[in-house]
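Protein chains in written order, with the working numbering: chain A, 722 to 869; chain B, 16 to 823.
Glycine residues also receive a C-beta, built at the ideal position from the N, C-alpha and C atoms.
Written out below as structure tokens is the structure these notes cover.
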Amino acid sequence: MTAPSSAPATSGQLATFRLDGDLYGIEVEHVQEVLRSQQLTRVPLAPTAVAGLINLRGQVVTAIELRERLGRPPRPAGTDAVVIVVRLHGEAVSLLVDSIADVVDVDAADFEAPPDTLEGQARELIRGAYKLRGQLLLALDVHKAVSA
Amino acid sequence: MDGLDDIVEEFLVESHENLDQLDSDLVALEQDPNSRERLSSIFRTIHTIKGTSGFLAFNRLEEVTHVGENMLSRLRDGELDLTPTRTSVLLQMVDTVRALLASIEASGGEGAVEVGGVVAAITAAMDDTPAAVAPVIPAPREGAVDAPAEVVAQAAEAPAKPAAKAPAKKTAARKPAAPRATPAAAAVAVPAEELPEQASAVVPQPVVEEPAASVPVADPVDAEVPAAGADGQARRGVADSTIRVDVDLLDELMLLVGELVLTRNQIVQNVARQTDTDLIRASQRLNLIASELQEGVMKTRMQPIDHIWSKLPRVVRDLGLQLKKSIRLEMEGRETELDKTLLEAVKDPLTHLVRNSVDHGIETPEDRRKAGKPVEGVLTLRARHESGQVVVEVADDGAGIDPGKLGAKAVQRGLVTPDALTRMSPSDILQLIFLPGFSTAAAVTNVSGRGVGMDVVKTNIESIGGTIEVESDAGAGTVCRLRIPLTLAIVPALTVECAGDRYAIPQISLQELVSLDAEKAANAVEEVGGAQVYRLRGELLPLVRLTDVLGLTSERHDGHVVIAVLRSEGRRFGLVVDRVINTEEIVVKAVGGQMKAIGLYSGATVLGDGTVALILDVQALARRALRAETNERQDSQKAAAHAAAASETDRQRMLLAAIGGGRRVAIPLDTVTRLEQVRTDSVEKVGNREVVQYRGAILPMVRLDRHLGAYGETDREVLEVIVYSDHGRSVAIVVEEILDIVDGEAAVRSDIDDLGLLGSAVLGDKVTELLDVRAAILAADPAFYSTRPTTLTGPSTPQGVPAPLLEV
């Protein structure tokens, strides 16, 4: 088990969102804002995970399709993505997810390394899982996720 | 501040600032005489002024600061104690310095400000000898008489003050001599903050004691009152009219203005669809104000290019000496302004180019003598504004770059294959110097030639959105031309549409737009070995389809072709887009690392309607697209080069004219001066020759149909006339109809000819006769060439037609 050494179990708050039926979370301090679906300008020749560019009040922000990034099937037609704008090293990047959920307090005691069933691409991006009541919260390594 | 050069102005601003500090320092020092720190600070200030004034040849200023400095250094070293006397003379010195500065500011010179008294006073105070008392008196008086500016300087002071305080001052300076002198105790009572003013008061004060003094100063109180009144509207001095602003603040402002311009664009676009007149008017005002604001903020960041040029004469001189070359540096357009950030960014590349020119460009005196050039080489820097850009040229009259040598070197270094080299045009070969790891210097010197250089220059220039190209005439010199945007933040750009998305192309790379309808496009866009080209005024323009580069599918199916003619690294190519939308000013936004890595976009911007558009990196686009099509492109270039070599002329363009009877003739366009229409009834006869009055001269005519034995219609009211002029003589060649202008180089020629013809060729799908222009002209004016018969190269070569043109 190659435990994500760079991201040990931490307690704190995670902003959670849903993607293809699963619950994910990112550290709340990285989240700048959450937006309804935005007009995307596609970027030809960009990596497939780059969904395009959005205009965030005059600032141009890259949008990463998290479904693509995590190796999930494309979002069903007719459903709009929700945009989570994160700020990393002073630069804003946005993540496209299915829907936004609550901010959850997590306890390091509940943390476990990623389940072995996780495969491929996703395994790289997931630090581990917090065992919440009734479901698992997958902690996303946001730095890795945006470096598409 | 006319007549003051920048250095003096800077000196004044700085000195005024320093003096204000000095006043408060000195006063504070009196409270705390042992503060080394303050003494050192005062000493430094005076030292600086002294140094600069010596440098600027303000001798009196130097003299007075010198003696002040002496005293200060002794004070600092603890050799002297700071007594009130000494403080006073120091303050007096500060005032004299002020007076001198005021005079310099007003007249450019030190004027008549006298310094002897102050110098003596300081010297005396240093030695503690009261003997120097006497000279002190006249000195300040003269200062007051001769330097009215001094009075202004103290104008803020209440008129009554000097009278009250001055005695106190003098008590310190010398024995109380004034009749109205108040007890010395008054001096003690005066709060410390007022001391600086006191110091200035001492200057006019002695005047009161000497009523015999000249009129202007007879009553210092009166003199000061009007001065105080005038102070309000007095013109702002150098120090008051400028402020120092943090560049970061300006950057911030620039960003905000950029945002404002964007928002303005958005509003103006929306309002254009409204009908509310008030709203429209308001938006027009907003439009204007935003533009002016943008301009104003941009101006705050503008600096003349001289700021970086001023360091170059030294560079050239030192390098010249080191290399034993004699070089004169000339500068044109040194007042050309550009953004400070850009100026900083251009500094190093420019210095490098200059060093390069001195080192490699200009030859040694011996070589120059051998080449028959003046021994002194000339390096010329030129700067000018040109269509929203700043063009900076570094030109030398040196040996130039030999494309052959350069090419060989490139092959030797493995930068280009010999095969590819043979297919490159000379100007293409020149651009090879920008490849990494290239240096043309035969010997590596410590000046340049270490293989880092032009590629770095190029990278630096491109990183600020500029371009660089090099032109060279072997033997005659080299010109490096930089094109730099005026400012980084706001860029004029062309927006185009491609596959439903909009992209921005910086205007700096755009040369022109060509729009072809379906019918024309079918003919005009040709294929050379699979690559599309378009003949743009006779030159083959390689076409790059943006959809192909981006891997998209065009949404344009009507066959129209819209070509943006772009220039990159001295090469032209046509970018085929779906449609052109607009030109607008865009604010360049940085894009994330992933976008940059694609290498096609230099950034992104937000358009007027709020959508994001990618900004195409034209250089990268050219590199990518043209490299992919290298073979085809070079083939076409080879063909063009071949044609150029064969004709020795860039334009082998022919004017096609019908002469009746279905016959067409081609006339080399470069022999044609003008096309005119002449009314048949204005044709007159001189003997049996037809002439027409034209621009006050008599123009002999030849009817080409008759000349060539093809009889066309004769009953036309208006004659189509081709005017040919040379050396002040003109003839008119009458044709039936002007048909077209075509490019002659692709034509199939044959030597089937007839009287008055040189041959025939297929031009525009039809057999066309090539007119023997000389014969036709001689038919109209037998004396046409007789004025300079020696220049005739042969009977069959008409004047004005390059001989090679007539070869197959």
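For THR474/B, the enclosing alpha helix (DSSP H) covers residues 469-478. In terms of Cα proximity to VAL471/B, the closest of GLU541/B, VAL361/B and ARG399/B is VAL361/B. If you check each beta-carbon in the region 582-612 of chain B against every beta-carbon of chain A, the ones closer than 9 Å belong to VAL602, LYS604, ALA605, VAL606, GLY607, GLY608, GLN609, MET610 and ALA612. VAL781/A places its beta carbon 7 Å or farther from that of VAL485/B. Inter-residue distance for ILE320/B and VAL312/B is about 18 Å (C-alpha atoms, whole angstroms). Under the Cβ distance rule, PRO765/A counts among the residues neighbouring chain B, one pair being separated by less than 7 Å. With a threshold of 16 other beta carbon atoms within 10 Å, THR800/A falls short and is exposed. The shortest CA-to-CA distance from ARG552/B to any of PRO507/B, ILE483/B and MET669/B is the one to MET669/B.
Taking 7 Å as the threshold, the shortest C-beta distance from THR769/A to chain B does not fall below it. Comparing alpha-carbon positions, the option among GLY93/B, ALA491/B, ILE748/B and GLU699/B lying closest to LYS388/B turns out to be ALA491/B. Going by C-alpha positions, GLY126/B is about 14 Å away from SER68/B. Under DSSP, no beta-bridge partner is assigned to ILE64/B. Taking C-beta atoms as the reference points, PHE832/A and GLY849/A count as a pair closer than 7 Å. ALA802/A and ILE821/A have their C-alpha atoms some 10 Å from each other. If you check the CB distance, GLY855/A and GLY792/A do not come in under 7 Å. Put simply, the region 616-631 of chain B touches the region 595-605 of chain B. At least three CB pairs are less than 8 Å apart. Here LEU447/B carries a helix assignment [DSSP, helix/strand/coil].
Around TRP324/B, the same chain offers MET346, ARG349 and LEU396 as residues with beta carbons nearer than 7 Å, after the five sequence neighbours per side are excluded. Taking a contact as a CB-CB distance under 8 Å, the pair THR731/A and ALA829/A counts as one, their CB atoms being some 6 Å apart. Selection GLU699/B, ASP720/B and TYR739/B evaluated against PRO683/B yields TYR739/B as nearest (Cα-Cα). Just measuring C-alpha positions, the residue of GLU45/B, SER103/B and GLU84/B sitting nearest ILE64/B is GLU84/B.
For chain A, the residues of the region 498-523 of chain B that bring a beta carbon within less than 7 Å of one of its beta carbons are ASP516, in chain order. For the pair LEU450/B and ILE613/B, the Cα-to-Cα distance works out to about 21 Å. In the displayed model, MET317/B falls within a strand according to three-state DSSP. When DSSP states are grouped into helix, strand and coil, THR257/B belongs to the coil group. If you draw a 10 Å sphere on the C-beta of ARG51/B, you find fewer than 16 other C-beta atoms in it, and that means exposed. Out of ALA546/B, GLY480/B and ILE499/B, the CA that lies nearest to the CA of VAL405/B is found in ILE499/B.
In its chain, beyond the 5 residues on either side, ASN280, GLN281, GLN284 and GLU599 have a beta carbon closer than 7 Å to the beta carbon of GLY623/B. Considered as a whole, the region 358-436 of chain B harbours 392-401 and 404-411 as its complete beta strand (DSSP E) runs of no fewer than 3 residues, in chain order.
At least one beta carbon of chain B lies nearer than 7 Å to the beta carbon of VAL781/A. Bridge pairing for PHE58/B: absent [DSSP]. The three-state reading of DSSP puts PHE70/B in helix, counting H, G and I together.
With respect to chain B, the C-beta atom of LEU816/A has no partner C-beta closer than 7 Å. Identification of chain B residues near GLU812/A by a Cβ-Cβ cut-off of 9 Å yields ALA605, GLY607 and GLY608, ordered along the chain. Residue pairing for PHE832/A: DSSP places it in a beta bridge opposite TYR851/A. Between VAL733/B and ARG694/B, the beta carbon gap of about 6 Å places them in contact (Cβ cut-off 8 Å).
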